[in-house]
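Visitor: All letters in the sequence shown, in the order written, are residues -10 to 460 by this note's numbering.
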Amino acid sequence: MIKRIILSHDHVFWTILHVLLGIVSALTPYGLILWFYLVVGTSVYTIIRVKSIFPYIAFITYLTSFELLARMSQTSPFIPYELGKYLLFCMLVFGVIKYGYKNYLGLIMVLLLMPAIFFDLSGKVDRQAIVFNLLGPVNVGLAVWFFYGKNLTKAQLIKLLRISLFPLIAVLSSTIFKTPSYDDLEFSLGANFATSGGGGSNQVSTLLGIGIFVSFLFLINKWKITGYRIADFFLFFLFGFQGLLTFSRGGIIGGILGILIILFYVLLSAESEKRRYKLPKLGRILVLSIILLMLTFQVADTLTGGLLGLRYLGETEGTLAGTKEKSIDSITTGRFNISMEDLELWEENVLFGVGVGASSFLRDGSQFYLTHVELSRLLSEHGVFGFFYFLILMFLMFRLFRSKKSPMEKGILVAFFMIAIYTTFHAAMRTYLTPLFIGLSLMEIKFLVNRPRSIKKEVKIDIHQKFRPVL
-10 MIKRIILSHD
0 HVFWTILHVL
10 LGIVSALTPY
20 GLILWFYLVV
30 GTSVYTIIRV
40 KSIFPYIAFI
50 TYLTSFELLA
60 RMSQTSPFIP
70 YELGKYLLFC
80 MLVFGVIKYG
90 YKNYLGLIMV
100 LLLMPAIFFD
110 LSGKVDRQAI
120 VFNLLGPVNV
130 GLAVWFFYGK
140 NLTKAQLIKL
150 LRISLFPLIA
160 VLSSTIFKTP
170 SYDDLEFSLG
180 ANFATSGGGG
190 SNQVSTLLGI
200 GIFVSFLFLI
210 NKWKITGYRI
220 ADFFLFFLFG
230 FQGLLTFSRG
240 GIIGGILGIL
250 IILFYVLLSA
260 ESEKRRYKLP
270 KLGRILVLSI
280 ILLMLTFQVA
290 DTLTGGLLGL
300 RYLGETEGTL
310 AGTKEKSIDS
320 ITTGRFNISM
330 EDLELWEENV
340 LFGVGVGASS
350 FLRDGSQFYL
360 THVELSRLLS
370 EHGVFGFFYF
380 LILMFLMFRL
390 FRSKKSPMEK
400 GILVAFFMIA
410 IYTTFHAAMR
420 TYLTPLFIGL
430 SLMEIKFLVN
440 RPRSIKKEVK
450 IDIHQKFRPV
460 L
């Protein structure tokens, strides 16, 4: 099945299929369960038999992207609640064994996480909490180990992005179907679960933000999602509109961040680079996209009676009523204070930290609250080892910034990495997105170079000269 999806040119069919899958998933979990295992059952033999790494990467990307829809549809235990974590762990380990690796940085990252498993300063952490907190950063290490230096062509990248978008279209379809009539919706200055389709608003917003970013990539490069330009623009609008209505800002900002990175690399590239790498002429497409984004926000803001704009300005019910002072903590919905308390725990336990999962039990003002900023959790629970873990990530980011690639290739890879890191500052590493996107950002993508004619002639002459004695 995965081979059929990859090779098919009937993009409309697969788009409609995933729209229907989202609607069915809103009614019953068994439609998604059936589809998930149908894809697995009909694809495993092909994946194992084929030597090329691309079908395997497409298989990982497609299946893990169903993580949120599975949660929204309550498919557990048939499809685990944290599908992305378990599936990524198994498939990345298998991938390293089958396809090899090019360095040990990912393995070092995994080993740095191990010491904190063996102690717990709170005395309250169980096995489930260890898996919940540890598997995300472990998968990031495994993703670095597996993906680093693997090659993709431009055509394969387009197929991969499209196949990653299909499950997000199903999520979008399911959330829209589950959203009550707009006349019945009540908005406040907090996250809106009624427009999140039964999933966590932060996680739904994150994936819809990715939908905004990926669909924008298709639009500016004139790649096809559905096969119809108007339908692709409509998808772009729907991802933005539904994402805004969740009132969860982090995911939408992440999508916009990705777009800005792409624009930075394309717009600031020299004219010679634009010709050499056949970069898209943004002109009308960029103007249309900006107008559409502004219109989307305006429509959503009007629908919410102006509350959406206030939400993005960091206002809360308390700050508007004058009972609470607007601060960085109110703007970040409590994340800042939790992070500061994590850093206090690290200061008290610099070397080894407090142990995996123990920070939520040991913080004073935010006890029992989950950390939403992965960096502060790594430091408080893993100590110096968590610090070195994050330093390796920063080293990989620095190498990515310094690499010599085409502007579009570099823009896409940097956007992947930065979205993944940014997500850890508002949703920790609780979804498949961070490990998968960090992994994909470390691949080599071969964009075509439009080489001058004179160079081609020189190469041709060199070839004839080289083989003339043999002939």
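Glycine residues also receive a C-beta, built at the ideal position from the N, C-alpha and C atoms. Since we're looking at a predicted model, the values are computed, not measured.
What span of residues does the beta strand (DSSP E) with Ile434 cover, start to end?
Guide: Run containing Ile434: Glu433 to Lys435, per the beta strand (DSSP E) assignment.
Visitor: Buried or exposed: where does Val276 fall if 16 or more other Cβ atoms within 10 Å of its Cβ makes it buried?
Guide: Flag for Val276 reads exposed.
Visitor: So within the stretch 135 to 164, which uninterrupted alpha helix (DSSP H) runs reach at least 4 residues, ignoring any that extend past its ends?
Guide: None, since the stretch 135 to 164 contains no complete alpha helix (DSSP H) of that length.
Visitor: According to DSSP, simplified to helix, strand and coil, what is Ala118?
Guide: Ala118 falls in the helix class under three-state DSSP.
Visitor: Thinking just about the alpha-carbon of each residue, which of Ile410, Phe414 and Phe406 is nearest to the one in Leu431?
Guide: Minimum Cα distance to Leu431 is reached at Phe406.
Visitor: Between the Cα of Leu425 and the Cα atoms of Tyr254, Val129 and Leu233, which residue gives the shortest distance?
Guide: Here the closest residue by C-alpha is Val129.
Visitor: Would Lys399 be called buried (16 or more neighbouring beta carbons within 10 Å of its own) or exposed?
Guide: Buried, by the Cβ-count rule.
Visitor: How would you call Ser185, buried or exposed, if buried means at least 16 neighbouring beta carbons within 10 angstroms?
Guide: It is buried - the Cβ of Ser185 has at least 16 other Cβ atoms within 10 Å.
Visitor: In this structure, does DSSP put Asp173 in helix, strand or coil?
Guide: Residue state, collapsed to three classes: coil.
Visitor: Could you compute how far the alpha carbon of Gly281 sits from the alpha carbon of Arg218?
Guide: This sequence places Leu at residue 281; Gly is not what is there. Answer to the nearest angstrom: the Cα atoms are 14 Å apart.
Visitor: Taking Cβ to Cβ, would you say Leu499 is nearer than 8 Å to Val193?
Guide: The structure shown does not extend to residue 499, since the chain is modelled only from -10 to 460, so the question has no answer here.
Visitor: Quick one: is Thr4 buried, meaning 16 or more other Cβ sit within 10 Å of its Cβ, or exposed?
Guide: That one is buried.
Visitor: Just reading off the alpha helix (DSSP H) that Asn210 is part of, what are its end residues?
Guide: Taken as a continuous stretch (DSSP letters only), the alpha helix (DSSP H) holding Asn210 covers Ser190 to Asn210.
Visitor: What's the gap between the Cα of Ala105 and the Cα of Thr53?
Guide: Spanning the two alpha carbons is a distance of roughly 27 Å.
Visitor: Please state whether the Cβ-Cβ distance between Ile327 and His361 is less than 8 Å.
Guide: Taking 8 Å as the Cβ cut-off, Ile327 and His361 qualify as a contacting pair.
Visitor: Taking the alpha-carbon positions, what's the Leu9 to Leu76 distance?
Guide: Taking the straight line from one Cα to the other gives about 24 Å.
Visitor: Nearest by alpha-carbon distance to Leu252: which of Tyr70, Arg238 and Ala404 is it?
Guide: Nearest of Tyr70, Arg238 and Ala404 to Leu252, Cα basis: Ala404.
Visitor: Once the 5 residues before and after Pro441 are set aside, which same chain residues still bring their CB inside 6 Å of it?
Guide: The pLDDT assigned to Pro441 is 47, lower than 50, so where the model puts this residue is not dependable; a value taken from the coordinates is nonetheless given after this. Contacts found: none.
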